[in-house]
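Worksheet: the structure to be examined is printed underneath.
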Amino acid sequence: MSKQKEPYIALDMSKVLGNKNKLLSLWHLMRGYHFHYFVSTIFLALAAFARTGMYLFLGSFIDRMMNEGLMGRELTLSALGFGALIALQALSSFMSSWMANFTAENTTRRLRDYLFDHIQRLSYSYHSESKTGDLLERATSDVDTLRRFFAEQAISVGRIVMIFIISFVAIARINLRLALVSIIIIPIVLVISIIFFKRLSKAYEAYQEQGAILTTDLQENLSGVRVVKAFARQNYEIEKFDKENAEKFRLGRKFNWMHALFWPLSDIICSAQNIGSSFYGATMVLNGVMTLGQYLSFIGLLGWLIWPIRNLGRLIIDTSRALVSFGRISVVMEAPEEDMKSATYQPKDGIKGQITFEHVSFAYEKDFLVLDDVSFSCDAGQVVALLGSTGSGKTSLVNLLPRFYDVTSGQILLDGVNLNEYSREFLRSQIGIVEQEPFLFSCSIRDNITYGVHREVSQEEIEEAAREAAIHDVILGFRHGYDTLVGERGVTLSGGQKQRIAIARTLLLNPRILILDDSTSSVDMETEVEIRAALDRLMTNRTTFIIAHRIQSIMNADLILVFDKGKIIQMGEHEVLLNQAGIYKDIYDIQARIDSALQEEIEHVESI
Amino acid sequence: MSNQYNEEELDDVVSLKSGVVGRLLKALKPYWPQMLLAVVGISLVSFLDAYFTVLNKRIIDEGIVAKNLPMIISLFRNYALIVLAQMFGFFIMIYIMGLLAEQLRYDFRKNLFHHLQSLSLSYFSKTPLGWIMSRVTSDTEKMADLLTWGVQDTIWAVTNISFAMYFMLQLNLTLALIVLLSLPVMIIVSFKFRVKIYHHYRQSRKANSKMTAALNENITGVRVVKALRREAKNLEDFKVLSTNMYEESYRAVFLSAIYLPTIQTISAISLVLILWRGGLQVAGGTMTVGVLQAFISYIMMILWPIQDLARVYAEMQNAVASSERVFSLLDMQPEIRNRENLLPVDSLVGDVEFENVSFHYDDDEPVIKNLSFHIPQGQNVALVGTTGGGKTTIVNLLCRFYEPTDGVIRIAGHDYTQYSLEDIQSRIGVVLQVPHLFSGSIRDNLRYGRLDATDEEIEEAAKLAGAHEFIMNFEKGYDQDVGEGGNQLSVGQKQLISIARALLADPDIFIMDEATSSVDTLTEALIQKGMHQLMSGRTSFIIAHRLSTIKSADLIMVIEGGQIIEQGNHESLMRARGHYYNLYTKQFRHDLETKYNPFADQETEVSAA
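Chains as they are written, first to last, in the working numbering: chain A, 1 to 608; chain B, 1001 to 1609.
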């Protein structure tokens, strides 16, 4: 695919994150769209002026008509002028809203892309410590909260404030006293609205939480349907669900009650202001302080002075939510990415694969060594088998090779050069990993085989690799062959099948160093033979580290490392270890013991 | 299979079948008094909304222009009283509709859940869980919203426009005709806009869920991504999705931004006409200023009901589609049902007999072929054989999760379809291979076996099952939370608890599917002990993987291709040197390899990182 031109300029993270003031950070998040937002604000003001102008124009129109009688051309022009003002107001509103949305959509799109990339580049340890759901939440719904802030709340607050000021000034110019009388109620409405929306959002959260409980209940009931039926507990389940369902109903009712109370009540308060001011205005006309036209302008503007204030409470609460969301996002943004490129050593003819561990120790957390003073060395193309129980340090050792983690002390040499001098980028291109049950992506089998192979691969090449990995026939057995989708929308593959797809991929990658987790526990005999053969082909001419679970894969290894609690307790070739008393010999002897035990058992049965 | 379900939901346009509308209205039937009250409330609010303009007109004409202060005072007093009346209607409208919406959601969820409990296992194995969940959670909301807020907005909009038109026609015929002519234009343009906006909005929601799925996968598979240096390509792929989302979302917001201004501009044309024509009439003395002002107000206000109407119209199609899906689920009949004239029983103690039983799932591929056997009361049967041979199906038939397509199953002398499902299932105890626990405490999970069990009885059962000790090792003992799906416990512990749960139920027949995954030796021994407790004195069927279980069975059946290919006890089958012999020796090797290997991972769920 040709490299796309970036549709936007990059974010300046130092400016986004380096602020105490979160609003300032949000401002930097809009980089490249400040002008659009500025334009939006200009048109916002223009729309407010146009709207106010409409009412003033209307007033003077009426006055002139009452006084001198507008006729003919003048009347037509006035009517058209009024229409033009509405059109101007409409156009400005559109421009303002368009530009604000343009900014919001672009800003969030860039933020989404940035977060996606940032998250996949966060260090290995960051990922092992964080929860998928939590990261996901921040990168999606929190980002969407920000989008709404840019598109709606920020603009709406601006609009309400601007319209208020302009309307107020306009009324004040007609009559200052009237203007002042008209805003008596505003602080009260504002306070009530803030209190109400604060409580409302609390009630809403409780309602949502109960919804989540109900959903979990439902999910458990559905996934445990066999148990429910086996114990014939349908009625019990129904009772349980009804209880939670009723609780949601109760919370919804409460939520609803608040709504039903607030809107009419605040309407009454606002209406009281409206009626009072209008009445006051009407008496002013009677007293000749104000003209009828001015009165009509006034009552038109009055609406824009009072009613929007009711919504200000909601906007303020939403804004504070947006700031909380931004806080949650910036925590992720502040986490450092893995340094992929800074080390520069890169041999011209590629690496050979000779590896030396010199007094390597490693700890995830301070003071708890997972690897303790590990030293060994192997030549290019050799096979190293790692043996030991769970938690003995095998996995941690192989995680050091692609520099998923760096050593705590000591050093690892690759072809005589310290591993830290190679860039992670380069190292990982030289190392292939086949896990016990590899993670496959929900794309086609073909895409999974070529995943991460950084070159064009022909169909022949893919099939050849698949044949070598003993998975070709399995793939052809699916209805869509290599185009079969993996996962929920396609086929479910067994652990052994996934492993062989990873083997095919690794064959295409053609790495110098190989890390294998050779577990074949969950496959039947025939497949086991096939996988074994596929692995043998893969290991040819590659320095290989095997996390071994069974004796067969160990016997041919050039070097066997037996681990216990992070230390190497036995080391050497098969023949050597066999002649030492120790765990290795014990394991080896098992096979013989099994055979004799089986024989005994059969004889016992036959003798009955 | 799941494709069909996905596509169904992507369908935007659904034929408006009258059946759906009728059934939706039927859901409202019990609430017709509330609905009636709400409609009265809506009409009152809507009428007064339109009437305020008339009142304003009178204040101008009869009060201000006529310089009549007492009139002004009395009109403003009326105004205040009407506001109070309207707010009362407003309150009723919001309160009743909101309550009704909540009530309907509750009803729909309840009906669906109750119905789901009656459906057979076959339905759940065919239908993706997520699909069912969406029906209960989101579709019910959309249905309720349509029936309440949708109905309310429609009534409000229609009556409001009608009342306004009525007053306008009263006030001035010519000007009213101008408004009347512009009305259809505004409505049509509005509907077109709204449908388009909603379409793009839905597209953007879909794009959004694709984007979220991509992100989710990238986080879950981050280890592979890093190992294969796929970051740059992944970002490129993601940008395609995020661009798609951007475009759909942008289209929706752009159309939204231009929509209202467009309608306003259209209304501006009629306003200009009204000002011009009205201006002439005012100057000619045939019309008052108040009337002119009233018309200006009306035309500005009428934009709101039009917008509401268009919005409801756009969202309605989707809500109807939701309703169709919900109704299709409610129409689903359980495949296994109680027959008429049931035979009441309090116990299923007796022989178990299969007579020429055949069974196939929907695809007509026979899974069980003409199977016959007779198990005397109290015998322990071990079912062995390769995966897919039909062992699980036999168990499912026994529990009557499915019924034979041919032949008869007899328990205690009677065809078991003569019993009620509840009687059978409450008398048969089942322990599954991967035991399912419900979130809650250990005690809650044990009590699931018998709801009226006392704490002492629960502990007694746990002791018998060998679960008591590890339970007491938890900080909170029996009150320890097991986590969602029991994921705070190991497989072995879950199995012990499910054995204790079955013991508490004190079933007449016991069925167990042994776990294949390895469990540490101590737990294993405890499980064996618990199983024996359950097996003693009860007819039992075990899908066996453990050698000790198999060896101690009274009868071993080797199931292959839906048939019994060998049966007998351990010794006789070993001597026969047939299928059983091969299975046994293979399992024997495997067991010992696992047992002796000091490095074998205890429990297979140890994570790689």
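Glycine residues also receive a C-beta, built at the ideal position from the N, C-alpha and C atoms.
The model shown is predicted, which means the values in this text are computed figures rather than measured ones.
Cβ shell of residue i (< 7 Å), same chain only, five flanking positions each side left out
i: Lys1057 (chain B); result: Gly1290, Val1291, Gln1293 and Ala1294
i: Asn1006 (chain B); result: The predicted position of Asn1006 (chain B) is uncertain, since its pLDDT is 45 and thus under 50; no value can be drawn from it.
i: Asn1244 (chain B); result: Ala1207
i: Ile316 (chain A); result: Ile194
i: Arg1251 (chain B); result: His1200
i: Gly252 (chain A); result: Tyr207
i: Thr1539 (chain B); result: Val1352, Ile1375, Gln1377, Gly1378, Gln1379 and Ile1509
i: Lys1110 (chain B); result: none
i: Tyr451 (chain A); result: Phe441 and Arg505
i: Arg1546 (chain B); result: Glu1514
6 Å Cβ shell around residue i - same chain, five flanking residues per side excluded
i: Arg1410 (chain B); result: Glu1353
i: Lys352 (chain A); result: Ala380 and Asp415
i: Val1312 (chain B); result: Gly1150, Asp1153 and Thr1154
i: Pro1376 (chain B); result: Asp1351
i: Gln4 (chain A); result: Unreliable placement is indicated for Gln4 (chain A), whose pLDDT of 49 sits below 50; no coordinate value is reported for it.
i: Leu218 (chain A); result: none
i: Ala172 (chain A); result: Ala179
i: Tyr1259 (chain B); result: Phe1193
Distance between beta carbons of residue j and residue i, contact taken as under 8 Å
i: Val1357 (chain B); j: Leu1348 (chain B); result: The pair is not a contact, with the Cβ atoms about 18 Å apart (cut-off 8 Å).
i: Ile174 (chain A); j: Ser297 (chain A); result: 7 Å
i: Gly1561 (chain B); j: Gly1389 (chain B); result: 6 Å
i: Gly1449 (chain B); j: Phe231 (chain A); result: 7 Å
i: Thr1140 (chain B); j: Leu1112 (chain B); result: 7 Å
i: Ile1197 (chain B); j: Ser1256 (chain B); result: 6 Å
i: Gln591 (chain A); j: Gly582 (chain A); result: Rounded, the Cβ-Cβ distance is 17 Å, inconsistent with contact.
i: Leu1075 (chain B); j: Gly1063 (chain B); result: 6 Å
i: Leu1496 (chain B); j: Thr1523 (chain B); result: 7 Å
DSSP beta-bridge partners of residue i
i: Asn556 (chain A); result: None; Asn556 (chain A) has no bridge partner.
i: Arg1410 (chain B); result: B:Glu1353 and B:Asp1415
i: Tyr422 (chain A); result: A:Tyr345
i: Gly609 (chain A); result: An answer regarding residue 609 (chain A) cannot be provided, because it is not within the stretch 1 to 608 covered by chain A.
i: Gly1568 (chain B); result: B:Ile1556
i: Asn1643 (chain B); result: The structure shown does not extend to residue 1643 (chain B), since chain B is modelled only from 1001 through 1609, so no value can be given for it.
i: Leu1119 (chain B); result: In the DSSP output, where bridge partners are listed per residue, Leu1119 (chain B) has none listed.
i: Ser1358 (chain B); result: B:Asp1406
i: His1374 (chain B); result: B:Glu1353
i: Met571 (chain A); result: A:Leu561
i: Phe1163 (chain B); result: DSSP output for Phe1163 (chain B) lists no bridge partner at all.
Neighbourhood of residue i by C-beta distance below 8 Å, restricted to the same chain and skipping five residues each side
i: Ala533 (chain A); result: Ala470
i: His612 (chain A); result: Lying before the first or after the last residue shown, residue 612 (chain A) is absent from chain A, which here runs from 1 to 608.
Distance CB(residue i)-CB(residue j) smaller than 8 Å
i: Leu1437 (chain B); j: Val1482 (chain B); result: yes
i: Val1550 (chain B); j: Gly1385 (chain B); result: The question names Val, yet the displayed sequence has Ile at residue 1550 (chain B). No, Cβ-Cβ distance for Ile1550 (chain B) and Gly1385 (chain B) is not below 8 Å.
i: Ala1382 (chain B); j: Val1430 (chain B); result: no
i: Ser25 (chain A); j: Thr103 (chain A); result: no
i: Ile163 (chain A); j: Ala48 (chain A); result: yes
i: Thr1392 (chain B); j: Ile1499 (chain B); result: no
i: Gln1086 (chain B); j: Val1045 (chain B); result: yes
i: Arg446 (chain A); j: Ile462 (chain A); result: yes
i: Ala322 (chain A); j: Thr108 (chain A); result: no
i: Arg512 (chain A); j: Arg542 (chain A); result: yes
i: Thr1405 (chain B); j: His1360 (chain B); result: yes
i: Ser325 (chain A); j: Asp113 (chain A); result: no
i: Leu11 (chain A); j: Arg31 (chain A); result: yes
i: Val1179 (chain B); j: Ser1270 (chain B); result: yes
i: Leu286 (chain A); j: Leu1309 (chain B); result: no
inquiry  = Going residue by residue through the stretch 1456-1485 of chain B, where are the continuous alpha helix (DSSP H) segments of at least 4 residues, counting only ones entirely within it?
reply    = 1468-1473
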